[in-house]
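Take any residue in the sequence shown, note its place counting from 1, add 40, and you have its number in our numbering. For reference, the structure is listed below as structure tokens.
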Amino acid sequence: MTHCLFQGKEQIKSTMGERLTINMITPKTKEWTCKIQVIDKGRPKDNKEKTKKYQLMTLQDEEENQIQAIMFNADITHFEDLFEPFHTPLVSVAQMSLLL
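As structure tokens, this is what we get:
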């Protein structure tokens, strides 16, 4: 499973780019949209230093490709209703970072 980091409130935009699947998107991909389904959503947790909150989610696209996503701090409550289990939002131009 690929891992991804989502950060910043500008992630869900009304600007629609080319419709891609998860495995076609890289950190260098510009102007993209992906229809995802929230497969699993963990509870918000504190980092070790207790300076940040984070929340893990497993997202799946229409071809059943999966990715692990992480939301931080205020984004957890900002996107709370959008990223509900089994909802299928369109995500556009989210900030991505590959975690190794």
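In this text, a Cβ means the ideal position worked out from N, Cα and C, and glycines have one as well.
Put simply, the backbone Cα of Q108 is about 18 angstroms away from that of T117. D115: member of the alpha helix (DSSP H) spanning A114 to H118, first to last residue. For K92, no beta strand (DSSP E) encloses it, and the DSSP letter there is neither H nor E.
F126 counts as exposed, since fewer than 16 other beta carbons sit within 10 angstroms of its beta carbon. Comparing alpha carbon positions, the residue from K81, F112, C74 and G82 closest to E104 is C74.
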